[in-house]
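The structure under discussion appears below in the form of structure tokens.
There are 2 protein chains.
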Amino acid sequence: KERDEETCLEDPWQDEEYFASYGTLRLHLEMLSDKSRTEAYRQVIFTNSASLRNKVVMDLGCGTGIISLFCAQLSQPSVVYAVEASSIAEYTRQLVKQNDCEEVVTVLQGRAEETELPVQVDVLVSEWMGNCLLFEFMVESVLLARDRWLRKGGVMWPSSAALALVPCQAESYYAEKIAFWEQPYGLDFTPLQPLAQKEFFTKPKFSHLIDPSDCLSAPCDIITMDMYTLQVEDLEEMKGQFHFCVERSGVFHGFTAWFTAHFESLETEGATVELNTGPNSEPTHWKQTLFMLDRPVRVYEGDSISGSIVLHRNPIWRRHMTVTLQWNINSSKEETDNCQVGTKSFPMWR
Amino acid sequence: KERDEETCLEDPWQDEEYFASYGTLRLHLEMLSDKSRTEAYRQVIFTNSASLRNKVVMDLGCGTGIISLFCAQLSQPSVVYAVEASSIAEYTRQLVKQNDCEEVVTVLQGRAEETELPVQVDVLVSEWMGNCLLFEFMVESVLLARDRWLRKGGVMWPSSAALALVPCQAESYYAEKIAFWEQPYGLDFTPLQPLAQKEFFTKPKFSHLIDPSDCLSAPCDIITMDMYTLQVEDLEEMKGQFHFCVERSGVFHGFTAWFTAHFESLETEGATVELNTGPNSEPTHWKQTLFMLDRPVRVYEGDSISGSIVLHRNPIWRRHMTVTLQWNINSSKEETDNCQVGTKSFPMWR
Ligand SMILES: [Ca+2]
Ligand SMILES: [Ca+2]
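Quick note, the sequences are listed as chains B and R, same order. Add 1 to a position in the first sequence, counting from 1, and you land on the number used in this note's numbering. Add 1 to a position in the second sequence, counting from 1, and you land on the number used in this note's numbering.
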């Protein structure tokens, strides 16, 4: 607690901690090992390689420089500015040399907000997406860079992104964390259940992989972000509505969220590339985010679950947010005809 | 770094941190969900239930009190003192009541070293084992409690324990952390390999599950601990020797370690219960501990790998140790007839 308050006085962005985590290999290895993610960016560069010729590109938060190297390897841009705040940038420079790309790729070590470029750029590419799309709010740096460095008519990659949601079952997670205490080894450990609920279900579960058969309905895009028009102020509070039709009877344990990102073509009629981190695509390192209700609710085919979501950015801790879900369950059965309502706020992480 | 030094001045045992981690449910759930572990203790109580009648038992670091509850449920001891330093003890008291065991089980919240009992005990039971058997050195508290509270002729559970070692392959772990950089997405990322080796192989890998087919030899008990004669001073430096015969040709990536614990019977001819956390038993929450060499070595059936291990307890950070492995590989092939030697020290964690 004391440490937190100390940090608070110093830096509500926790940049030291944040960039230090990208100064070691662990996260970079995780991201590079994520084929869906990395191949999506490779595909974007590959399908646009003709149009990228002679273009000026900015790769924001380039990490080990993989996207910049794809640009140099698959196309002939005039220059790629690879901007990276963490100390991995020193290695990125070595990797650019090792792959003979130093004529094209210029590594700039520093914070995006403080980086100076000699020219505006034609393309601003970045992999800024976090858990539940927004977590860690790297997107703010991308929007600021856009306003300052993207030339009029320039292209953003991703060009748009959406947060998807689905009501779901999470039977085995519930069993593991809550039902477990009912009779372990023939004993009654139920006095621990309120503690377990608090400890395991207050925050969302990152790195959940939902089985498509546990989705109680078709998913729904609840928040969409246009990367050309989105403003930094918009990030303070993002709201969405949902209306799900329950397609199979089951137990409603919670909601699962994930995102998709779309990369428009540089050519007028060119194909869009999509990165989908949902349950019907190959698992990514983001996996999905599970929001557990306090009490599971039995639902039936034909019921509806409607409500709203608010992503409220923490006014102090700028990389954190609270996700508030509000829902009504409307039964389709005449005999029950009851409407259950609920609401729950999940700090992520503060 | 600064934080560490601060803590150092305050408490080289890091007790606040250590006991706080046992004040939440996460670790208790992990331990209770570990069936091999928990059933082994249940089995010990069950097979000794007749002899435990009217005995005085001390359950040291009882956590949620599962072992004490087994005693009360399966036998009729005169009293079980369930000692727990972390704040989970308040819940343990509730669980004892909920299971109608308060006539038998007395929960004492406090550090083992400061706990006062009205009598000496017939049996001192504890689940003190950590990674590589000794990590976190809870065993010291058990030895001190033994010297103070175990009556002459009383029984220790576990009665003995051993650290086992085997030279092994770890191809997929090596591929994931080191070989990966050779040509990801057609690029040359080898400049990152020295960094990767340092970041991933300096410390041992906890929670490794070795496939029995990756053991290059039969395992060997390299350190054994007699819980009646072991002294606290002995923990400062524990040494062992090994001599392995390579039984299958393969790549020697490192050593894997795990432990076994033995529970003698209260009856003269009674059967011993064993808890085995090795690769030929059901996986436990301890899994195994992998020590990666800096460079893999090809070995052949008939080669021998001999050497020594030293577990050196950190003189400042009392819950930590450094494991030093020294090895010679003697080739069985006449044509090569070379002997490779190596040595590596692994902090765990400091
Ligand atoms: Ca990211
Ligand atoms: Ca333990």
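Ideal Cβ positions, reconstructed from N, Cα and C, are used throughout, including at glycine.
Item to check | Contacts around P13(R), its chain only, beta-carbon distance under 8 Å, and the 5 residues preceding and following it disregarded | outcome: I317, W318, R319
Checklist entry - Relative to the C-alpha of C246(R), which residue among I330(R), Q341(R), R54(R) is closest? => result I330(R)
Checklist entry - Would a C-beta distance cut-off of 7 Å place I306(B) and P168(B) closer than the cut-off? => result yes
Next on the checklist: Just verifying my parser: in three-state terms, what is the DSSP assignment at K206(B)?
Outcome noted: strand
Checklist entry - For the beta strand (DSSP E) that contains A165(R), what are its first and last residues? => result 161 to 169
Checklist entry - How about F138(R): is its C-beta nearer than 7 Å to some C-beta of chain B? => result no
Item to check | D35(B) vs H286(B) beta-carbon contact at 7 Å | outcome: yes
Checklist entry - Curious, which full-length alpha helix (DSSP H) runs of at least 4 residues does the stretch 16 to 102 of chain R contain? => result 16 to 22, 26 to 34, 36 to 48, 50 to 53, 67 to 75, 90 to 99
Checklist entry - For a contact meaning CB atoms closer than 7 Å, what does L352(R) contact in chain B? => result Shown here, chain R extends from 2 to 351; a query on residue 352(R) therefore has no answer.
Checklist entry - Just the Cα atoms here: how many angstroms apart are S50(R) and C133(R)? => result 30 Å
Checklist entry - So which residues on chain B does Y92(R) lean against when the C-beta distance must stay under 8 Å? => result P192, L193, L196
Item to check | Start and end residues, alpha helix (DSSP H) containing V140(R) | outcome: 140 to 150
Checklist entry - Given a limit of 8 Å on CB to CB distance, which residues of the stretch 94 to 126 of chain B reach chain R? => result Q95, L96, Q99, N100
Item to check | Which listed residue (G255(R), R147(R), R351(R), K345(R)) has its alpha carbon closest to that of Y175(R) | outcome: G255(R)
Item to check | Cβ-based neighbour list, T344(B), same chain, cut-off 6 Å, excluding 5 preceding and 5 following | outcome: Q327
Item to check | Exposure label - D304(R); buried when at least 16 CB within 10 Å | outcome: buried
Checklist entry - Among G131(B), T116(B), L166(B), which residue has its Cα nearest to the Cα of R147(B)? => result T116(B)
Next on the checklist: Buried or exposed, going by whether 16 or more other CB atoms sit within 10 Å of the CB of E6(B)?
Outcome noted: With a pLDDT of only 43 at E6(B), under the threshold of 50, the placement of this residue in the model should not be trusted; the figure read from the coordinates follows. It counts as exposed.
Checklist entry - Does L28(B) get closer than 7 Å to chain R when you measure Cβ to Cβ? => result no
Checklist entry - Can you name the residues of chain R whose CB is closer than 9 Å to the CB of I68(B)? => result Ordered by position in chain R, no residue passes the 9 Å Cβ test against I68(B), which lies about 10 Å from the chain.
Next on the checklist: Is it buried or exposed, C9(R), if we count other Cβ atoms within 10 angstroms and call 16 or more buried?
Outcome noted: In this prediction, C9(R) scores a pLDDT of 43, lower than 50, which makes its location untrustworthy; the coordinate-derived value is nonetheless stated afterwards. Exposed.
Checklist entry - What is the rounded straight-line gap between the Cα of S69(R) and the Cα of V106(R)? => result 7 Å
Checklist entry - CB-CB under 6 Å to L144(R), same chain, minus the five flanking residues each way: which ones, in chain order? => result V233
Item to check | Per-residue DSSP class, three states only, for F190(R) | outcome: coil
Item to check | Q232(R) in three-state terms, based on DSSP | outcome: coil
Next on the checklist: Between D295(B) and chain R, is any beta-carbon pair separated by less than 7 Å?
Outcome noted: no
Checklist entry - Can the beta-carbon of T325(R) be found less than 7 Å from the beta-carbon of P348(R)? => result no
Checklist entry - How big is the Cα-Cα spacing for W350(R) and E18(R)? => result 15 Å
Checklist entry - Quick one: what does DSSP say A1(R) is sitting in, helix, strand or coil? => result Outside the displayed range of chain R (2 to 351) lies residue 1(R), so it cannot be described from this structure.
Next on the checklist: Counting only beta-carbon separations shorter than 7 Å, does D222(R) have a partner in chain B?
Outcome noted: no
Checklist entry - Closest by CA to L151(B), which one among V57(B), E275(B), F138(B)? => result V57(B)
Checklist entry - By a C-beta neighbour count over all protein chains shown, 10 Å radius and 16 as the cutoff for buried, is D123(B) buried or exposed? => result buried
Item to check | Cutoff 7 Å: E17(B) Cβ touching any chain R Cβ | outcome: no
Item to check | Cβ-Cβ distance between K199(B) and L291(B) below 7 Å | outcome: no
Checklist entry - What does T203(B) reach in chain R if we use C-beta pairs closer than 7 Å? => result The contacting residues do not exist; T203(B) stays about 12 Å from chain R at best.
Checklist entry - Which value, in whole angstroms, describes the spacing of the CA atoms of S142(B) and T25(R)? => result 37 Å
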